[in-house]
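Enquirer:
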Amino acid sequence: MPAPLLRGAVAPVASLLAVSACTLGGSVTPGFRSPSILPAASGSPAPALAPNQFVNPVLGRDFPDPGALKVGSTWYAYATTGNGDNLQAARSTDLVHWEYLDEVLPKLATWSTGDTWAPEVRRTSAGYVMYYTTRDPNLIRPDGTGSQCVSVAVASSPAGPFSDRSSGPLVCQPKLGGSIDPFPFTDADGTRYLIWKSDGNCCQMPTRIWGQRLSADGLSLVPGTPTDLGETNDQAWEGSVVEAPTLLLHDGTYFLFYSAGNYADGTYAVGYATAPRVLGPYRDAVGNPILKTRDAAGAQGPGGQTIVTAPDGSLWVLYHAWDPNFLERSMWLDRLRFVAGRPVIDGPTDRPQAKP
790 MPAPLLRGAV APVASLLAVS ACTLGGSVTP GFRSPSILPA ASGSPAPALA
840 PNQFVNPVLG RDFPDPGALK VGSTWYAYAT TGNGDNLQAA RSTDLVHWEY
890 LDEVLPKLAT WSTGDTWAPE VRRTSAGYVM YYTTRDPNLI RPDGTGSQCV
940 SVAVASSPAG PFSDRSSGPL VCQPKLGGSI DPFPFTDADG TRYLIWKSDG
990 NCCQMPTRIW GQRLSADGLS LVPGTPTDLG ETNDQAWEGS VVEAPTLLLH
1040 DGTYFLFYSA GNYADGTYAV GYATAPRVLG PYRDAVGNPI LKTRDAAGAQ
1090 GPGGQTIVTA PDGSLWVLYH AWDPNFLERS MWLDRLRFVA GRPVIDGPTD
1140 RPQAKP
């Protein structure tokens, strides 16, 4: 199956909407939709909200592949952009009302030619460290073009600007199609790891999830060989892709959440696998996917997920979903619960629900 369009690319209409939204600045309230974005197919009016309630989407603009970081009492979200910038961000004190911050990576490394997406940020001794996907035209993959690779940028503030002064990718596997969708994970003992996907679907090859230890400052990989975590696109619902890994340690078990299917249509969805050790091997769960298209909610192709912890200890998932017309991927927020040891995502939900 041919690879889809680059994930950072959005339909021209969506790009125009994103640009016009950028000029507005300020905060974006939950449930906001650009004027050209139609409501859910039911045509129902926006529900009335109690003071302790919210309704999805929580960021009603194009904000795909969200990553998240909490600093003090503020959450920062980072995302792919389709408006010509590199990467965008927003911040919130309640996960519901978001202030848009615009571009946070104004300049790329000298070796990179763009095609940036899927950022995640962590705080280390080096500062605020951003892991993201970008293109190296000199590392040639099997289809004869440059590879998508993982790079790293640093800032003194979670709001940026981030600066990438690297001389080459942090990790790249051109023979496997490249390396994308980095997720930094800190284990219970403080050891840092980087989890990512080999981009085989670019070149009609399998896709796999990999992992390797990071240095204490998060700026380099510990010398050694990447570990294949055992997660590949071998289930029918996954199509040609497993990607966007997110790792969570819960009650002694490692849960590897991932997105699969075609990001550009309604087949995109979220599943998970489990392992007793951080680097696996992981086994797919029965009953995948656990987050998928829900027409009644006006949410198509949910994915690109990340997990956040609310002040009360409850777990929530930030993810993107297309509107019914596939014009933009806005950011949604839904509860993640564990039932009999299995994760359950209460979504996509467009009805009023209690705030985190």
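Numbering-wise, the sequence shown is residues 790 to 1145 according to my numbering.
Virtual Cβ for every residue (Gly too), placed ideally from N, Cα, C.
No experiment lies behind these values; they were computed from the predicted model shown.
Curious, which full-length alpha helix (DSSP H) runs of at least 4 residues does the stretch 874 to 935 contain?
Expert: Counting only runs of 4 or more, we get nothing.
Enquirer: Any chance the stretch 1096 to 1110 sits against the stretch 1118 to 1128, with 3 or more Cβ pairs inside 8 Å?
Expert: Counting Cβ pairs under 8 Å, three or more are found: they touch.
Enquirer: Is it the case that the Cβ atoms of residue 1071 and residue 1019 are separated by a distance below 8 Å?
Expert: Taking the sequence shown and counting its residues from 1, one reaches residue 1071 at position 282. Taking the sequence shown and counting its residues from 1, one reaches residue 1019 at position 230. In contact: residue 1071 and residue 1019 (Cβ atoms closer than 8 Å).
Enquirer: At the level of alpha carbons, what is the spacing between residue 942 and residue 1075?
Expert: In the sequence shown, the residue the question calls residue 942 occupies position 153. In the sequence shown, the residue the question calls residue 1075 occupies position 286. Distance between the alpha carbons of residue 942 and residue 1075: 38 Å.
Enquirer: Can you look up residue 792 in the DSSP assignment and give me helix, strand or coil?
Expert: Position 3 of the sequence shown, counted from the start, is the residue given in the question as residue 792. Note on residue 792: pLDDT 37, under 50, position unreliable in the model; the coordinate value appears next. Reduced to three states, the DSSP call for residue 792 is coil.
Enquirer: Counting only the same chain and skipping the five closest in sequence on each side, list residues whose C-beta sits under 7 Å from that of residue 946.
Expert: Taking the first residue of the sequence shown as 1, we reach residue 946 at position 157. Closer than 7 Å at Cβ, skipping near neighbours: 917.
Enquirer: Under 8 Å between the Cβ atoms of residue 1086 and residue 1138?
Expert: Your numbering for residue 1086 matches position 297 in the sequence shown. Your numbering for residue 1138 matches position 349 in the sequence shown. Contact: yes.
Enquirer: Could you check what DSSP says for residue 1025 in three-state terms: helix, strand or coil?
Expert: One-based indexing of the sequence shown puts residue 1025 at position 236. Correct three-state label for residue 1025: helix.
Enquirer: Expressed to the nearest angstrom, what Euclidean distance is found between the alpha-carbon atoms of residue 952 and residue 893?
Expert: Along the sequence shown, read from residue 1 onward, the residue named residue 952 stands at position 163. Along the sequence shown, read from residue 1 onward, the residue named residue 893 stands at position 104. If you take the alpha carbons of residue 952 and residue 893, they lie about 9 Å apart.
Enquirer: Kindly indicate which three-state DSSP category residue 1090 falls into: helix, strand or coil?
Expert: In the sequence shown, the residue the question calls residue 1090 occupies position 301. It is a strand residue.
Enquirer: Mind reading off the beta-carbon distance from residue 900 to residue 957? Whole number of angstroms is fine, and I expect it under 8 Å.
Expert: The residue you call residue 900 lines up with position 111 of the sequence shown. The residue you call residue 957 lines up with position 168 of the sequence shown. Yes, they are in contact, since the Cβ atoms of residue 900 and residue 957 sit about 6 Å apart, within 8 Å.
Enquirer: If we count the other Cβ atoms within 10 Å of its Cβ and call it buried at 16 or more, is residue 1135 buried or exposed?
Expert: Stepping through the sequence shown from its first residue, residue 1135 is reached at position 346. When all chains shown are included, residue 1135 counts as exposed.
Enquirer: Out of 872, 1050, 1142, 1036, state which residue places its alpha-carbon closest to the alpha-carbon of residue 1066.
Expert: In the sequence shown, counting from the first residue as 1, residue 1066 sits at position 277. Of the candidates 872, 1050, 1142, 1036, the one whose C-alpha sits nearest the C-alpha of residue 1066 is 1036.
Enquirer: Taking buried to mean at least 16 other C-beta atoms within 10 Å of its own C-beta, is residue 830 buried or exposed?
Expert: The residue given as residue 830 occupies position 41 in the sequence shown. Unreliable positioning characterises residue 830 in this predicted model, as indicated by a pLDDT of 37, which lies under 50. A coordinate reading is not provided.
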